[in-house]
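Here the numbering used here is used: the first residue of the sequence shown is 1, the next is one more, and so on.
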Amino acid sequence: MTYSAILKRGAAGLAIGIALGVTAVAGATTPLLRPVEVRPTGKPAPDEPRLTDTPALDLKAHNTRTDRTVGDETSLRISTLDARVDMAGHMAQTTLTITFANTTGATLEGDFSLQLPADAYVTGYALDVNGGMVEGVLQSKFQAREAYEERVRAGVDPGLAEVDARNMFRTHVFPIRPQSGRTIRVRYVTPLGADSRFELPLSTAYRVDKVSLDISVPATVKAMMDTPDELRSGAPVLAEGRLTMPYSGQNLFLAKRIVVAVKASDDVAVMRHRNGDAFFEFVVPAQSPGKSPVHTLRLYWDASRSHRDDDTQAEAQVVADYIAQVKPQAVDLILFADNAPQTVHFDAPTPDAVKKALLEANYAGATRYAGLAKVLPGRADVCLLVSDGSVTLDAFEAGKWPCRVLTLSASKSAHRDVLRTLAGRNGGVFADLTAGHDAALTQLMMRGPKLWDLTDADGRPVDYAIRPMGTDSYRVFGPAPTGGKLVVDYGTGQQTYTLAQAVDNDGAGALWGASLIDRLNASGAPDREKGLALARRYSVATPDVSFIVLETGGDYARAKIAPPADIDKSIWTAYVQARDQIAKTDAEAKAKRFDAILGQWNGQKDWYAAKYKTLAQAKKAFASEPAPTGTVTETGTATQVAPIAGIVTVTGTRRADAPPPPPPAVQPRETPPSPAMAPPPPLPVPPAPMPSAPGGYISSQNADLSLNASVAKSPQALAGVDIDRSGGGDRNTGMSITTAEWNPERPYLKALNAVKPGDTTGFDTTYHEMEKAFGDTPGFYFDVAEWVFRKGDATRAAAILRNALDLPASDIDTQIIAADRLARYGDYSDAIWLDERIHDLTPEKPQATRNLALVLIEATDKQLAAKTIDRAAAIATYKRALGLLMNVVLTPWNADYDGIEIISLMEANHLVAQLKALGVPAADLADIIDPRLVALMDVDIRITLEWNTDKTDMDLWVDEPSGERVIYNNPRSQLGGRLSNDMTRGYGPEEYLLHMAPAGEYKVLANVYAADVLNRNGATSVTVRLYRDWGRPSETMESFVIELQKGEKGAKPVGTFVRN
1 MTYSAILKRG AAGLAIGIAL GVTAVAGATT PLLRPVEVRP TGKPAPDEPR
51 LTDTPALDLK AHNTRTDRTV GDETSLRIST LDARVDMAGH MAQTTLTITF
101 ANTTGATLEG DFSLQLPADA YVTGYALDVN GGMVEGVLQS KFQAREAYEE
151 RVRAGVDPGL AEVDARNMFR THVFPIRPQS GRTIRVRYVT PLGADSRFEL
201 PLSTAYRVDK VSLDISVPAT VKAMMDTPDE LRSGAPVLAE GRLTMPYSGQ
251 NLFLAKRIVV AVKASDDVAV MRHRNGDAFF EFVVPAQSPG KSPVHTLRLY
301 WDASRSHRDD DTQAEAQVVA DYIAQVKPQA VDLILFADNA PQTVHFDAPT
351 PDAVKKALLE ANYAGATRYA GLAKVLPGRA DVCLLVSDGS VTLDAFEAGK
401 WPCRVLTLSA SKSAHRDVLR TLAGRNGGVF ADLTAGHDAA LTQLMMRGPK
451 LWDLTDADGR PVDYAIRPMG TDSYRVFGPA PTGGKLVVDY GTGQQTYTLA
501 QAVDNDGAGA LWGASLIDRL NASGAPDREK GLALARRYSV ATPDVSFIVL
551 ETGGDYARAK IAPPADIDKS IWTAYVQARD QIAKTDAEAK AKRFDAILGQ
601 WNGQKDWYAA KYKTLAQAKK AFASEPAPTG TVTETGTATQ VAPIAGIVTV
651 TGTRRADAPP PPPPAVQPRE TPPSPAMAPP PPLPVPPAPM PSAPGGYISS
701 QNADLSLNAS VAKSPQALAG VDIDRSGGGD RNTGMSITTA EWNPERPYLK
751 ALNAVKPGDT TGFDTTYHEM EKAFGDTPGF YFDVAEWVFR KGDATRAAAI
801 LRNALDLPAS DIDTQIIAAD RLARYGDYSD AIWLDERIHD LTPEKPQATR
851 NLALVLIEAT DKQLAAKTID RAAAIATYKR ALGLLMNVVL TPWNADYDGI
901 EIISLMEANH LVAQLKALGV PAADLADIID PRLVALMDVD IRITLEWNTD
951 KTDMDLWVDE PSGERVIYNN PRSQLGGRLS NDMTRGYGPE EYLLHMAPAG
1001 EYKVLANVYA ADVLNRNGAT SVTVRLYRDW GRPSETMESF VIELQKGEKG
1051 AKPVGTFVRN
C-alpha cells in the first residue's frame, strides 16, 4: 500500500488531499475549503480587543468567593489544546483535550463553552482529579447541577458538563488553583452533510500555547484538509486500514475553523459503539420527482412569547415562497400560544396575503401544543408548523395528525427533538432555517426517501431511523442485524449488503440513541427515568441530561450517583462502602421515622392543649425576665439561649449576624384604617373580583379558602379529634390582616401607575412599550402580573405571567414561582400541570410533593364550592393529596428540610376533616394516615413562609403584643406562640401558630440571614400566607409574594394581624 499527497500552498494556507493508492482528484481545492486565518505569534497588547467576539471555544473565570466573572487572558486561559478527529462513514468523532491555566492568585471556577454544530452530540466528558482523568457520569440536569454546586460549596473538585437547546456545550470546573491548571476531555460526534464536509470549531479569543491535531480517515477514502500555515504537518501514519495526518503548533491565535472534506463510500458503514453494540449507516436518495398536489394547507403559526425573538420575517418569507411553489387552493392559518387558537381562512390564497397576516401576529403567552391537531375538523393535505418546538405548558404527544406534517424554525435553540419527531411520525421533514432560506425551502419541498423497508437475511424486520441529509438524500441508521447481512428494499428492487467489520466509532450508535430520546421527549410529560437510561446506554448528553465528575467515592454516594465503571478501584471501593452505609442509615431512619413523627406530634398536641398566660401576665412576665444570653457568629457558632420560664428553647446555628433576642418591646401603633375605607380608583384593565378588601384587609365576605361550606359546617369534620379544642370550632376572632405595602421600585410599574384609570388603550400601549425594554427576564412578567392582579383582573394577570415560562432565562425556580402564583390567580389547571412537572423533576425535594398536594386540595375546594366536580372525583383527588402529604411526613429527607413534616401533618389533618365531612369513614383513611396521627388543631393565627431558592437561610419572625419576639432561638412564647423548626439551608416552609390570640397587634417579619450566592436566577422570592381562624368555618387567608434583591439582608415587614 502506498499513499499520495498533493500539497498546494498559497495565500489561502495549506490544503492537503490524501487518497490511498489513487491520485488526488483534480480540482480538489474547491471553494468548500476556505482559508483559516492565523494571527501572528505573540501576546496582544493590553488594550488589544479579543480576536473574535464570538469564539467557538470560549473560557471565562468565575470567582465563587466574590461571585464575579471575568473573561480576559490574564485570569484563565487555554494553555494546551489537543484535538483528534476520526472519520467513519458519514460521521466524524472528535476528541478535545484541553488544559486551562490559572494565572491569578485566586482559586477560580472555570466556565468553558464550545458551540457545536446543530446536529452534533456530546458523547463523553472527563476531568482530571488527583492526577488522573475521570470520566463523567450522565445524570439528570437538576441532580447533576445540585451535586456540583454542593461540592463547590465544600471547596472540592467537581466538574459539570451541560448542553443547552442551542447545542452549546458548557463545562464548569472547580477548583482551579492559583498558578495551576485543570484538564478536561470532551468527545462529540457530528453527522456529515450531503457535501461530506466537516468543520472543526477551534477558533479562540486568545492565544493558545500549544496546539496539536490528528485527523484520521479510512485508508480507502479521499480526504481534503484545510489547516493554518502555522500548524506544521507531520509525517502521515498508515496503520490498521486508517491514515492519520498529524499537525502541531505553538502560541497560536486560531481565528476560523479547520475544514475536512471526505468522499465517503456509498457502501453501508458499520460502527461499534463503546457499549459494544454495532450500528449501520448509509445514504439513500430522495424519490424521483412526481406530482403530489397540495389542495389544502393548514399553517400553524406559533404566536407565543418565545417565538417573538426568532427571525419571524425569515420564516414568513419561507412560508410565502412555499405557498408560491405548491399553490394550495385554500390555507387555514392557525395562530396559537397558551390560549384558544385563532383561525383565519384564505380562499385562493396569495403568498403576499398570507405573509402579511403572519407579520401582523402578536406574540404573548406560553407555548401549548395540546389539541392543535384537532383545531379544525377533517383532513388536510399538508400541515406546516412554524415554531421553536419548546412546549412550556400542558401535556403533548407527537402522535398522528390528519395530514402530512412539515415543521420549520429559525431558532438556534429550537427543540429539534420535538420538531423532528412530529414531522417524522407524519411523513414529513423538519426544515432548519438556520441553514439558510434556500436550504429550508428545499427541505420543505423535499420528496420522501427512496426506501421501502429493511430486513435481515432471513426476512426479519430491522429497526431503523431516517433523517434528511441535505436536500435530495436521507441518512438511514440503526442497530446492525446479527447475521451480518442487511437487505435494503428500495421499492423498485432489493439489494443485499454484507456488513463490513465494525470500526470503533460512537457516531451511528449515538445518533440512534439520540433518535430514541427524541421520540421519548416529544411529549408534554416524557418518562425521564427511561430517558436517562437511554442517554447512559448510548452515552448522549442532552439539555435534560448532563455529565458530572466528583472527587471521592463518598461524594458520589452522597449525591446518589454511581461513579463510572472504570474509575480508580480505591474510589469505587470507597463509593460502595459509603453507599452501603448510607443505605443502612436511611433504612434505619425510615424504620424509626414513624416513632419520631409520633413523638413530635404528641408534643404538638401537648402544646395545643396547654394553658398559657393572659396578655397582661405575659407582658409582666416578659418585662421581668432577664434577656437571653448567647452570641451569633459569622462562622455558625452555636447560640445558647437562657431558658425562660414556661418556654421551650432550642439550639441553632447561624451563618450571619442577627439581632440578639428578645428585641425591645413593640411600641403601640396607631389604630389601623377601617375596612370601610374608600375603594381604589377605577382600573385600567378589565374588572374582575378583587382578591382582597380595600387596604389589604380580609373582610367577612372573603371566600372560604380551606373547609368549603358543605364541609366546614358538618359536625363530622371534627370526628376523631382526641384533644381539647376549647375556643375552637366556630370561634370568631374578630381579627383583621394588613400586608406590607407592595410597591417595588420598578420603572415599568411607575409607568403603569401613571396610566389614567380606566384607559385600557393607554395601559396596553404602555405595557407593550415597557415589555420591549424589560421583557427579557421573568421578573418583569411576575411584577406586572402581580400589579394587574392587585388591580382586580386575575385572568389577565395569569395570561401575563405565563409569558415568563417561555423565556430562555426560565428555569425550575421560574416554574416554582409561576405555579404558586397561577394558583393564586385561579388558573389551577396550569398550576397543577407545573407542580406535577416540578414534582417529577425534583423527587428529592419534599417541597415539590407538598406544593402539589396543596394545589390539588385548593383546586378541589374551589370545584366543590362551584359544584363543578362530583363527590367521588373530589374524594379521589383529596385522597391523592393526603397520600402526597403523608409521603412528606413519613419519608426521611435531607436534614436541611427538618420541620416540613409536622407542618405537612397539620395540613394533612386539615384535609382529613374535609374527607370525613364528605362521608369518608375513618377506617377508609387508615391505610393513608395512621389514626394516632389524626388530630385537627385549629388556631387563631397561622403563618407560613417559604422561598424559591435552595441553600438560603430565611427566617419567620413574629412580634407579639406582649412585646416578645418569636424567633428561631425563642420559638415558644409566653402567649403560646409556636414557631416551627428553623430551616437554615432549605426552601422552607417555616410556620408560626397561635391557638388563642389575645387582643393586640401581631407584626410578621421575614428575615434574610444568608442568600445562596450560587443562585443565578436573580432575586429570591418569598411566599407568605397569613391565615385567620385556620381550621375553622371562618378561615380566611391572604397570600402574597415579596422579592428580596441580591445582597438584601435583615428583617422585612410583611404583614400585621390586629385583633380588637
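Backbone N, C-alpha and C fix where the C-beta goes; we use that ideal spot for every residue, glycine too.
In angstroms, rounded to a whole number, what distance separates the CA positions of residue i and residue j?
{"i": "residue 491", "j": "residue 286", "result": "12 angstroms"}
{"i": "residue 1070", "j": "residue 439", "result": "Residue 1070 is absent from the structure shown; the chain starts at 1 and stops at 1060."}
{"i": "residue 702", "j": "residue 802", "result": "Bear in mind that a pLDDT of 34 at residue 702, under 50, signals an unreliable position, so the number given afterwards is only what the model happens to contain. One C-alpha to the other measures close to 26 angstroms."}
{"i": "residue 358", "j": "residue 317", "result": "10 angstroms"}
{"i": "residue 188", "j": "residue 169", "result": "10 angstroms"}
{"i": "residue 882", "j": "residue 990", "result": "20 angstroms"}
{"i": "residue 416", "j": "residue 734", "result": "58 angstroms"}
{"i": "residue 330", "j": "residue 391", "result": "28 angstroms"}
{"i": "residue 745", "j": "residue 775", "result": "16 angstroms"}
{"i": "residue 152", "j": "residue 557", "result": "16 angstroms"}
{"i": "residue 953", "j": "residue 896", "result": "10 angstroms"}
{"i": "residue 472", "j": "residue 443", "result": "8 angstroms"}
{"i": "residue 332", "j": "residue 312", "result": "18 angstroms"}
{"i": "residue 164", "j": "residue 83", "result": "23 angstroms"}
{"i": "residue 1056", "j": "residue 894", "result": "33 angstroms"}
{"i": "residue 379", "j": "residue 404", "result": "10 angstroms"}
{"i": "residue 996", "j": "residue 941", "result": "8 angstroms"}
{"i": "residue 865", "j": "residue 1026", "result": "22 angstroms"}
{"i": "residue 115", "j": "residue 347", "result": "44 angstroms"}
Figure out for me which residue from the options has the closest Cα to the Cα of residue i.
{"i": "residue 614", "options": "977, 955 and 211", "result": "977"}
{"i": "residue 341", "options": "374, 314 and 783", "result": "374"}
{"i": "residue 284", "options": "489, 335, 275 and 346", "result": "489"}
{"i": "residue 984", "options": "968, 425 and 756", "result": "968"}
{"i": "residue 177", "options": "110, 451 and 354", "result": "110"}
{"i": "residue 741", "options": "98, 522 and 1041", "result": "1041"}
{"i": "residue 108", "options": "179, 394, 764 and 120", "result": "179"}
{"i": "residue 561", "options": "143, 1007 and 216", "result": "143"}
{"i": "residue 148", "options": "578, 759, 550 and 964", "result": "550"}
Across which residues does DSSP place residue i in a beta bridge pair?
{"i": "residue 222", "result": "263"}
{"i": "residue 383", "result": "298 and 405"}
{"i": "residue 191", "result": "91"}
{"i": "residue 80", "result": "99 and 210"}
{"i": "residue 110", "result": "61 and 173"}
{"i": "residue 1039", "result": "1025"}
{"i": "residue 346", "result": "331"}
{"i": "residue 121", "result": "189"}
If residue i sits next to residue j, beta carbons under 8 angstroms apart, how far is it from one beta carbon to the other, in whole angstroms?
{"i": "residue 818", "j": "residue 834", "result": "6 angstroms"}
{"i": "residue 200", "j": "residue 94", "result": "7 angstroms"}
{"i": "residue 171", "j": "residue 112", "result": "5 angstroms"}
{"i": "residue 943", "j": "residue 888", "result": "With 8 angstroms as the limit, residue 943 and residue 888 do not qualify as a contact, their Cβ atoms being about 19 angstroms apart."}
{"i": "residue 483", "j": "residue 273", "result": "Incorrect: roughly 19 angstroms between the Cβ atoms, too far for contact."}
{"i": "residue 281", "j": "residue 477", "result": "4 angstroms"}
{"i": "residue 469", "j": "residue 194", "result": "5 angstroms"}
{"i": "residue 900", "j": "residue 878", "result": "No, residue 900 and residue 878 are not in contact; Cβ-Cβ is about 20 angstroms, not under 8 angstroms."}
{"i": "residue 297", "j": "residue 384", "result": "6 angstroms"}
{"i": "residue 208", "j": "residue 78", "result": "5 angstroms"}
{"i": "residue 875", "j": "residue 918", "result": "6 angstroms"}
{"i": "residue 1121", "j": "residue 947", "result": "In this structure the chain extends from 1 to 1060, so residue 1121 is not present and cannot be described."}
{"i": "residue 410", "j": "residue 529", "result": "34 angstroms between Cβ atoms; not a contact."}
>> Suppose only complete runs of 3+ residues qualify. What are the beta strand (DSSP E) ranges in the segment 949 to 1018, listed by chain order?
In response: 953 to 959, 990 to 994 and 1000 to 1010
> Quick one: complete beta strand (DSSP E) runs, 3+ long, within the segment 923 to 952?
Replying inline: 939 to 947
> Which ranges does the alpha helix (DSSP H) cover as unbroken runs of at least 4 residues, wholly within the segment 597 to 627, from first to last along the chain?
Replying inline: 615 to 624
>> Quick check on the DSSP output: what are the complete beta strand (DSSP E) runs of length 3 or more inside the segment 469 to 537, in order along the chain?
In response: 473 to 479, 485 to 489 and 494 to 498
> Along the chain, which unbroken stretches of the beta strand (DSSP E) at least 3 residues long are found entirely within the segment 722 to 791?
Replying inline: 735 to 739
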